[in-house]
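Participant:
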Amino acid sequence: MEQTKLVRLFGMRDKIGYLFGDFGNDIMLVFVSQFLMVFYTQVWGMKPTVVGTMFLVARLIDAFTDVTMGRIIDVTPQGRDGKFKKWIRIMALPVTIASFLMYQSALRDQPMAFKIIYMYITYLLYGSICFTGVNIPYGAMASAITDKPDERQSLITFRAIGAYVGEFMVGFFGPIIIYERVMNNGVTQVFIRNNGNIFPVMAGGISIVALICYYICYTCTTERIKVPPLPKGEGISFFKSVKMIFSNRAMIGILGGTVCLIFGNLLTGGVNAYLYAYYFKMPAALSTYNAIKLGIALSMATVVTLIVKKLGKREAISIAVGFAAVVFAALSFLHIKNPWVYVGIASVGFSGVTFFGYVIWGAIIDVIDDAEIKTGKREDGTLYAIYSFSRKVGQALGSSLVGYALAIIGFQSGVKEQTQEVLDGIYRLATVAPATLFTLVVIMFMLVYPLSKKRVDANAETLRLRREAKEKEAEAK
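Reading the sequence shown from the start, the letters are residues 13 to 489 in the working numbering.
Okay, structure coming up:
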C-alpha cells in the first residue's frame, strides 16, 4: 500500500460517515433477523422449518457470492472515488429496494408454492447479491481510510455505535409498531397490527432511511491509503479461500469465535420476539430491553479504546463475552417470571456481546495485517469477504434454527395461546443456547486466536516501515 498525497486529514467527518454506513446496514439487517421469521410465519402462515431451510440455502450460495465480491474488489483498480467507496454508490439503491420487496403482506393469500418461490427470490436478491455488494466493500474500506491502529479503533468504535443505534431503532420501535396487546375477558392477547399490513410500511421507511445513510457514508469518508489491485491471475478462488482459512490460525480463531457469537446473538434476538410476546405477554418489555442495551452501548463507547489499548483485543473480548456467558447461564437456572427483572439482568449480561461488537472489526483488520506480513500481499477484499461469510453463517444458524427449534418445542403458527411446555421451551432457547455459544467464543479466542496485543503492535510497526521504505524507493526513482 502507499499513502495518497494532498488529502484531508483523518478526523470526525470520516467517523461520522462510517457510523452512518453501518447504521444503514443494520436497520435492514436487524429487521430481517428479528422480524422476517415473524412475518413469514405469522402473516404469510408459513412453517418455521420452511423459512429456516431457506436461510441455510442462502448461506450456501453466499459462500460463493461473498468470495466472488471480495475477488472483484481486490483485482479492480482504484476508481475516481476510491477502491471501495464506488461500490457503496453503485449498490445503495438496489439493496434498499430488495429489502423492501421481502415484506409484501398483500401476497398472504397467494398459493403456498408462489409464496415460497417469491420468498427465495427476494431474500437471495437482498442477502446474497445486493447486501454482499455493499457490505463487503464498506467493511474493507476501513483499512483504506487510515493505517494507524488507534485511528482504526476509533473508526471501528463509531461503526459499532452506528450498528447499535440502528439495532436500537428497530428493536425498540419494532415491537411497539408491529404488535398490538389486547385484553379479552381478562386474558392478555397479542396480535400483529393491521393484519400484517404494517410490515411493508415499516420496511419501506427503513429502506428510505438506509439509502440516506449510504449517501452520508459515501460523501463523508475519504480513502487515504491506495491499495494496488492484485494481478487478475492471482485472484482468489473459492477453493483457494478455503485453503487460506485452514492455513491461518488467526483466521480460524476469529471465524470460529464470530460464528458462535453471531449465532448466539441472532438466535437470542429471534427468540426474544417470541419470549416477550408469548412467555411474558409483554412485547413492550422488548422495547425497554433494547433501549437499555443502547444506553449501555453508548456508555461503553467512551472506554472501549482505552480498554483495548490496555489489554489488547483478544484478551478484552474473552473477558467480556465470558461475563455474558455466566449471566445467561444464571438466567437459565433462575427461570424468571417477571419480565422487568429479566430485562434488567439480560441487559447487563448482554454488555459483553456489545463490547465484542466494538472490537471485532478492528480484530479482522489485525488478521489482514498479519496475512500481509506472511504473504507480502494486501488482500482486504478477499479476507474481509471470508470473514463476512462467517458472520452470515452465524446469522443463518441463528435465524434458521429459531424456526427449527420452535418447531421442535411444538410452537403453533397463528394460534392465540401456546401451551406451557412451549413457553418453557422458548425460555430455555433464550438462555441456555446463548450461554453455551458465548462460552465457545471464549475458547476460540483464548486457545486458537494467536494475535495478542504484543503481536498486533509489532505487525503494525513492521508494515509501517515497509511502506516508508517503498515510498523512499519511489522518490529515489
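Built from N, CA and C at the ideal position, the CB exists for glycine as well.
The structure displayed is predicted, hence computed values, not measured ones.
Quick one: grab the DSSP three-state call for residue 201.
Facilitator: Correct three-state label for residue 201: strand.
Participant: Where do the N-terminal and C-terminal ends of the alpha helix (DSSP H) with residue 179 fall, by residue?
Facilitator: Run containing residue 179: 161–190, per the alpha helix (DSSP H) assignment.
Participant: How big is the Cα-Cα spacing for residue 348 and residue 276?
Facilitator: One C-alpha to the other measures close to 20 Å.
Participant: Hey, how far is the Cα of residue 93 from the Cα of residue 122?
Facilitator: If you take the alpha carbons of residue 93 and residue 122, they lie about 45 Å apart.
Participant: Expressed to the nearest angstrom, what Euclidean distance is found between the alpha-carbon atoms of residue 166 and residue 332?
Facilitator: Each residue's alpha carbon lies about 19 Å from the other.
Participant: For residue 447, I'd like the list of residues in its chain whose CB is within less than 7 Å of its CB, leaving aside the five on either flank, ordered along the chain.
Facilitator: Closer than 7 Å at the Cβ level, and outside the excluded window around residue 447, lie 337, 340, 341 and 344.
Participant: Taking only runs that begin and end inside the region 319–359, name each unbroken alpha helix (DSSP H) of 4 or more residues, in chain order.
Facilitator: Taking only runs of at least 4 residues, the alpha helix (DSSP H) segments lying wholly in the region 319–359 are 325–346.
Participant: Once DSSP output is grouped into helix, strand and coil, what is the label at residue 237?
Facilitator: Residue 237 falls in the strand class under three-state DSSP.
Participant: Go ahead and pull the three-state DSSP assignment for residue 209.
Facilitator: In the structure shown, residue 209 sits in coil (DSSP, three-state: anything other than H, G, I, E or B).
Participant: When DSSP labels each residue in this structure, what does residue 316 get in the three-state scheme?
Facilitator: Of the three classes helix, strand and coil, the one that applies to residue 316 here is helix, per DSSP.
Participant: Specify the secondary structure class of residue 460 as computed by DSSP and reduced to three states.
Facilitator: Three-state DSSP puts residue 460 in coil, outside helix and strand.
Participant: Using DSSP with H/G/I as helix, E/B as strand and the rest coil, what is residue 12?
Facilitator: Residue 12 cannot be examined here, being either before or after the span of the chain that is shown, 13 to 489.
Participant: Report all residues from its chain with a CB closer than 6 Å to the CB of residue 203; omit the five preceding and five following residues, and keep chain order.
Facilitator: Excluding sequence neighbours, residue 203 sits near 192.
Participant: Please return the same chain residues whose Cβ sits closer than 7 Å to the Cβ of residue 25, not counting the five positions on each side in sequence.
Facilitator: Correct list, in chain order: 232.
Participant: According to DSSP, what are the bridge partners of residue 94?
Facilitator: For residue 94, which the question treats as bridged, DSSP gives the partners 91.
Participant: Does the Cβ of residue 450 have 16 or more other Cβ atoms within 10 Å, making it buried, or fewer, making it exposed?
Facilitator: Residue 450 comes out buried.
Participant: Please tell me whether residue 393 and residue 152 are closer than 8 Å, where the distance is taken between their beta carbons.
Facilitator: Yes, these two residues count as a Cβ contact at 8 Å.
Participant: Threshold first: 4 residues or longer. Then list the alpha helix (DSSP H) segments lying entirely within the region 63–146, N to C.
Facilitator: Segments of the alpha helix (DSSP H) lying fully in the region 63–146: 97–113 and 124–136.
Participant: Tell me the residue span of the alpha helix (DSSP H) that contains residue 390.
Facilitator: Looking at the DSSP string, residue 390 is not in any alpha helix (DSSP H), and its letter there is neither H nor E.
Participant: Does the structure place the region 119–138 close enough to the region 175–187 that three or more beta carbon pairs sit under 8 Å?
Facilitator: Short answer: they don't touch.
Participant: Tell me which residue opens and which closes the alpha helix (DSSP H) that residue 275 is part of.
Facilitator: Per DSSP, residue 275 belongs to the alpha helix (DSSP H) from 261–286.
Participant: When you compare only the Cα positions, how much space is there between residue 110 and residue 226?
Facilitator: Each residue's Cα considered, the two are about 15 Å apart.
Participant: With three or more C-beta pairs closer than 8 Å as the rule, is the region 451–468 touching the region 265–272?
Facilitator: As far as the Cβ criterion goes, the region 265–272 touches the region 451–468, which means the pair count is three or higher.
Participant: With DSSP as the reference, label residue 46 as helix, strand or coil.
Facilitator: Residue state, collapsed to three classes: helix.
Participant: Could you give the C-beta distance for residue 73 and residue 136, rounded to a whole number, given that I count them as a contact under 8 Å?
Facilitator: The pair is a contact, with the Cβ atoms about 6 Å apart (cut-off 8 Å).
Participant: Less than 8 Å separating the beta-carbons of residue 144 and residue 49?
Facilitator: No, Cβ-Cβ distance for residue 144 and residue 49 is not below 8 Å.
Participant: May I have the straight-line CA-CA distance separating residue 189 from residue 355, to the nearest angstrom?
Facilitator: Distance between the alpha carbons of residue 189 and residue 355 is about 20 Å.
Participant: Output the distance between the C-alpha atoms of residue 330 and residue 206, rounded to the nearest integer angstrom.
Facilitator: Distance between the alpha carbons of residue 330 and residue 206: 45 Å.
Participant: Which residues in the same chain have their Cβ closer than 8 Å to the Cβ of residue 282, if we skip the five residues on either side of it in sequence?
Facilitator: Within the same chain, residue 282 has close Cβ partners 45, 46, 49, 410, 411 and 414.
Participant: Evaluate residue 420 with the Cβ neighbour count: other Cβ atoms within 10 Å of its Cβ, from every protein chain shown; 16 or more gives buried, anything less gives exposed.
Facilitator: It is exposed - the Cβ of residue 420 has fewer than 16 other Cβ atoms within 10 Å.
Participant: Would residue 302 and residue 382 qualify as a contact pair, given that the criterion is a beta-carbon distance under 8 Å?
Facilitator: Result no, Cβ atoms of residue 302 and residue 382 do not sit closer than 8 Å.
Participant: Whole-angstrom Cβ separation of residue 222 and residue 36, contact assumed at under 8 Å?
Facilitator: The pair is a contact, with the Cβ atoms about 4 Å apart (cut-off 8 Å).
Participant: With distances taken from CA atoms, which of 149, 209 and 293 is nearest residue 83?
Facilitator: Closest option to residue 83, Cα to Cα, is 149.
Participant: Check the C-beta distance from residue 465 over to residue 323 and give it rounded, since I have them as a contact under 8 Å.
Facilitator: With 8 Å as the limit, residue 465 and residue 323 qualify as a contact, their Cβ atoms being about 7 Å apart.
Participant: Quick one: using the 10 Å Cβ neighbour count with 16 as the cut-off for buried, is residue 378 buried or exposed?
Facilitator: With 16 or more other Cβ atoms within 10 Å, it is buried.
Participant: Within the same chain, show all residues whose beta-carbon is closer than 6 Å to that of residue 22, passing over the 5 residues directly before and after it, in chain order.
Facilitator: Cβ neighbours of residue 22 beyond the five flanking positions: 158 and 163.
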